[in-house]
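There are 2 protein chains.
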Amino acid sequence: MDAQKLDALRHSAAHMLAAAVLELYPGTKLAIGPTIENGFYYDFKFPDGVSLSENDLPKIEEKMKEIAKGGHEFKRKEVTVPAAKDFEKDQPFKLELIDEFAKESKTLTLYESGPFTDLCRGGHAENTKEIPLDGLKLQKLAGAYWRGSEKNLMLTRIYGLLFATKKELNEHLAMLEEAKKRDHKKLGKELDLFTFSETVGKGLPLWTEKGATIRRELERFIVDEEIRRGYLHVRTPDIAKLDLYKKSGHYPHYKDSMYAPIVIEEEEFMLRPMTCPHHFELYLRTPHSYRELPMRIAELAQLYRYEQSGELSGLQRVRTFCLADAHIICASEEQAVAEIGKALDLIEYIAGVFGLVHGTEYWYRFSLGDRANSEKYYKNDAGWDKAENLLRAHLKFRNSHFVEAPGEAAFYGPKVDIQMKNVNGKEDTAFTVQYDLCMPERFDLKYNAEDGTEKRTFVVHRSSIGAIERIMAFLIEHYAGAFPLWLSPVQVVLTPVSEKHVDGAKKLMEEFKKVGIRVAIDDADESVGKKVRNAAKQKIPYIVVVGDKEIAGEDWMIRVRGQEDQMKMSKADFVAKVLLEIKERV
Amino acid sequence: MDAQKLDALRHSAAHMLAAAVLELYPGTKLAIGPTIENGFYYDFKFPDGVSLSENDLPKIEEKMKEIAKGGHEFKRKEVTVPAAKDFEKDQPFKLELIDEFAKESKTLTLYESGPFTDLCRGGHAENTKEIPLDGLKLQKLAGAYWRGSEKNLMLTRIYGLLFATKKELNEHLAMLEEAKKRDHKKLGKELDLFTFSETVGKGLPLWTEKGATIRRELERFIVDEEIRRGYLHVRTPDIAKLDLYKKSGHYPHYKDSMYAPIVIEEEEFMLRPMTCPHHFELYLRTPHSYRELPMRIAELAQLYRYEQSGELSGLQRVRTFCLADAHIICASEEQAVAEIGKALDLIEYIAGVFGLVHGTEYWYRFSLGDRANSEKYYKNDAGWDKAENLLRAHLKFRNSHFVEAPGEAAFYGPKVDIQMKNVNGKEDTAFTVQYDLCMPERFDLKYNAEDGTEKRTFVVHRSSIGAIERIMAFLIEHYAGAFPLWLSPVQVVLTPVSEKHVDGAKKLMEEFKKVGIRVAIDDADESVGKKVRNAAKQKIPYIVVVGDKEIAGEDWMIRVRGQEDQMKMSKADFVAKVLLEIKERV
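In order, the protein sequence lines correspond to chains A and B.
So in my numbering, spot 220 of the first sequence is number 220, and the numbers just go up one at a time.
To get my numbering, take the position in the second sequence, counting from 1, and add 586.
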């Protein structure tokens, strides 16, 4: 079924939902009922004394189906504003909408479908019979402010799913079920990786030792790999004078995502929302020769961007994050495009370490400049043309999976967005590699060319893995908390059979620690079975039950995460195997 | 010579300086002339048209000596305020001082010494002859605002050194000369370790790749060593709601060193000035058992503290710094004191890695509570008694070098300060280990005891190495920029003999890189001699000149930093030696 048709069916289903609610709960006031990805919702103000729970949804769903089966045609009626107001006289939210629509048009439209008529711009099925009732499910309830503002009344939103077939609905429900299990907020708590504190503030995660261990391994991996590839890792301050962002030209564009300035001795300081101007100031400390270019200035940079409290979500949307950032100062357009290629090589290497497949699990979006939009487009037509043509040719040359996206570029140049699907099946831009036509001018970035003249540089902005917080959210869900060995906070757990094996287990623990294996001991006063189950719940890769035989040096029986059969192996072989797997990041 | 006597001589010399200036530059206005460590200064407003340079200092010094040799007695004269004003009628700064002193006393004192009389509270030699002229040297000129405020007139300050003997003066001058060479601001620039940018802001260092490399090695060393010793390394946000610092009680005490709040959606957020409340909030996420204690929560924490721009100095005094911080949650006073002991073990281990000797190069200051000062003293007499007694006993037991310092404790408990001498010979508290009697109450920190009851915890605050910026300043000066191999940003430099050896050198570079050695190649179009001198100036530990023989695989001749003789060795042996030295941090 094509997307437009499906959308029309979802819209029609929203009307059925309102019709069902009005039959079951007379006197309910209707707000709006648009379609969304996978379905639709409708916002209601229920009569006083009526308080819905999720248990009421099947009943409403039944009523919806009953009405739809009636086979009502959707009939369009054009009416004047006063007529529309008269029709909706008992519906205060609709009256507010009419007043607003009346600013644009003198006539409005109503859509009638059997017992129910709604103020509506249209886009429906011909007949309510067309709605694929097998693919329908009322999903959940939520609170929602009228017009999205917390100053307004809180309404009740009912969400519905609608797919063309029962099979598609079931697949979607199964995916949601799996996503729920993998939800990083849920797993973050169960595995004790991070927490939030009301006193510290919203959107500011506190990482426990376990979560911080994963972060540290990840960060060291990225930093070391980047250094290996010729990046110069630097450290620049997380605050700077407002002047810096005025100089870079970010201030007017990014003002709304920056926090308010802090005044120190009559100067205004900002929490930095981006790293680039900091790296440019560092570049400017001395003159540079063409021999030094391309200069790849990298940093794990803490950035601060304003997010509304309503938008905050676990590690996915936070108020401060650590970006694996870099700015590559180049001598020519060709060098810049080659560097973008190398950045993509790095990204593909890292994605490979996480087992992500290019083309299906992540791909590129080549975002082009909108030359008509002077707000979002830094004027330099020839520069954009050259950059876009070189980049397109490069993406084709390397056989990248990419789609073109006109008008999605940054204001200073075209970019390659790294697109990913999260466990909810939603596509998202994870991070970007950008070509910059503007900053070299603003910061007067130059180099001494081979011919003895001073020349303007070109700049590439890129991330290799995005924000650490966000990739952590992604990885927790990607691995469902069962991190590969090198990232696991506890790699091996030793569970002594009884009190008398605790000392022996402790000695073994020291041996493992000494060679750099993250090992824990579970000496709680519980049965071995319970302890093994606990360790499995914590998704620890290897569990060793330590009894007389293990201490005596006989072969060990090792429980491997996700495997039925235990692994039989000498202690020395096991240690060697663990160390090798850590080193190879398998 | 006793300190009081020497101070009186320095004060007398300040009078001689003013006398000399008045003779040489009639019409000069006098401000103040106190003694300072190692000498004295006097602030002057010279007549219009007179502009002093350092070249004028010998002449003034000669005149001072000439006057002093005159053998004038210091004569005290008590005068009324009007008489004092009349005497100083041509000295506007003195008149301002008289008005101020007049608030406290009706009579003032003048000190006459031959040709010169000054408004002065006294503390002089008997006779100007006593001033040890051999130990006198006018040191430098500086600008200084009248009364230290930039709203006032800028005066000229002349600094003088005065020691009891010529030998002591010369020793001091030699130390200053050495300190100048080792100055971290100077070396930081010469070795390209860090820089500052006016546009980014004062007190906010930007670390180059080389400086950031040293930091990274240092930070990883600290983190890994702490983890090895059972610390749990976490990550908590650098901003938090003001509420958090009100809850901790820091806010009234630390208000002046905190930056102004940032308002986000009607809540006030602060750049954190300390880590402790963040760690306590993390501890509070779940209940804890006595089995988990002591729990050593550690973090490399970015902190923000207000420093006046006039107080900023290189890496030593900055506006944000990264503290190697930890908070140890303990089950009893005894456990807390044992943990302080373990923290001192760690500190002594780290100091040992840097070759610092306990007792001479660093020692402890045991800071006790001032029970009379209710501002600085958290009221809990029994708690302080027990903590101070246990700590004192522990410091004695471990044979630590320590001095006791009554009244120097933190407001929440006694502490052990780690005292060091910097290259200027100045003693400084590098960082501290603190016993906390207060926070466990404020944050209601509890644990489930073995007997089934809930009990109050005890807390130790400690650093292992202090602020990274500050220890970097210290280490740059301590090593005079010649960092040990493991910290050197470039460990080995390859200098090809000629153009035709560049490719061979590059291949060697890749071999070195692969095994984790930080190697650079100097392929500039310059003579080998020049390149070797450049590398030596950059204090690179090993220099290898790469010619036909080196590429062919014959034994290498290696230049070792600080050694006359070259070292002859096969490539394989050299690589093994370098790797071993890095690993052992020699």
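All C-beta atoms in this analysis are idealised placements derived from N, C-alpha and C, irrespective of residue type, glycine included.
A quick note: this is a predicted structure, and the numbers were derived from the prediction, not measured.
- Assignment of beta-bridge partners to A:TRP556 by DSSP yields A:MET569.
- Taking a beta-carbon distance threshold of 7 Å, A:GLU281 counts as an interface residue toward chain B.
- Counting only Cβ-Cβ distances below 7 Å, B:PHE855 has contacts in chain A at GLY201, in chain order.
- For B:ASP829, the nearest beta carbon of chain A is closer than 7 Å to its own beta carbon.
- Contact annotation: the stretch 903-916 of chain B does not touch the stretch 965-976 of chain B, with fewer than three C-beta pairs closer than 8 Å.
- Taking 7 Å as the cut-off, the Cβ atoms of B:GLY746 and B:PHE626 count as close.
- Distances from the alpha-carbon of A:GLU348 to those of A:TYR378, A:ARG220, A:MET420 and A:ARG317 put A:MET420 closest.
- Contacts with chain A at 7 Å (Cβ-Cβ) include B:THR781.
- For B:ALA798, the nearest CB of chain A lies under 7 Å from its own CB, placing it at the interface with that chain.
- The stretch 261-271 of chain A and the stretch 412-431 of chain A do not touch, with fewer than 3 CB-CB distances between them shorter than 8 Å.
- At a Cβ-Cβ threshold of 7 Å, A:ALA125 and A:SER12 count as neighbours.
- If you ignore the 5 residues before and after B:ASN959, its C-beta comes within less than 8 Å of the C-beta of GLY993, all in its own chain and listed in chain order.
- For B:TYR831, the enclosing alpha helix (DSSP H) covers residues 828-833.
- GLN302, TYR304, TYR306, GLN308 and SER309: these are the residues of the stretch 302-317 of chain A whose beta carbon lies less than 8 Å from some beta carbon of chain B, given in chain order.
- Of A:PRO115, A:ALA84 and A:ASP99, the smallest CA-CA separation from A:ILE67 is found for A:PRO115.
- The criterion of a C-beta distance shorter than 7 Å is satisfied by A:GLY413 and A:ASP436.
- At a cut-off of 7 Å, the C-beta of B:HIS987 has no neighbouring C-beta in chain A.
- A check of alpha carbon separations from B:LEU889 across B:GLU897, B:LEU868, B:THR861 and B:LEU901 identifies B:THR861 as the nearest.
- When C-alpha distances from A:VAL578 are compared across A:TRP486, A:GLU23 and A:ASP183, the shortest belongs to A:TRP486.
- For a Cβ distance threshold of 8 Å, residue set VAL820, ARG821 and THR822 of chain B lies close to A:TRP207, ordered along the chain.
- In chain order, THR195 place their CB closer than 8 Å to the CB of A:LYS189, counting only its own chain and leaving out the 5 sequence neighbours on each side.
- CA-to-CA, the gap between B:ILE926 and B:VAL1019 works out to about 7 Å.
- By the criterion of a C-beta distance shorter than 6 Å, A:ILE582 is surrounded in its chain by LEU485 and TRP486, once the five residues flanking it on both sides are discounted.
- Distance from the CA atom of B:ARG1028 to the CA atom of B:HIS836, rounded to whole angstroms, is 11 Å.
- Across the set B:PHE997, B:THR614 and B:VAL1101, the C-alpha of B:PHE997 shows the shortest separation from the C-alpha of B:GLU961.
- At a beta-carbon threshold of 8 Å, the residues of chain A lying near B:ARG801 are ARG235, ordered along the chain.
- For A:LEU193, the secondary structure class from DSSP, reduced to helix, strand or coil, is coil.
- The stretch 567-575 of chain A makes no contact with the stretch 611-623 of chain B; the number of CB pairs closer than 8 Å stays below 3.
- Using a Cβ-Cβ cut-off of 7 Å, A:TYR447 does not count as an interface residue toward chain B, since no Cβ of chain B sits closer than that to its own.
- Looking at the backbone, the Cα of B:GLU795 and that of A:GLY553 are separated by about 48 Å.
- Around B:HIS770, the same chain offers GLY900, LEU901, ALA1059, ILE1062 and GLU1063 as residues with beta carbons nearer than 7 Å, after the five sequence neighbours per side are excluded.
- With a threshold of 16 other beta carbon atoms within 10 Å, A:MET154 falls short and is exposed.
- Residues of chain A whose Cβ lies closer than 8 Å to the Cβ of B:VAL849 are, in chain order, ALA260.
- Contact with chain A is found for B:ARG871, since one of that chain's Cβ atoms lies less than 7 Å from the residue's Cβ.
- Residue pairing by DSSP places B:VAL1078 opposite B:VAL1105 and B:TYR1128 in a beta bridge.
- Under DSSP, A:ASP43 takes part in a beta bridge, and its partners are A:ARG157.
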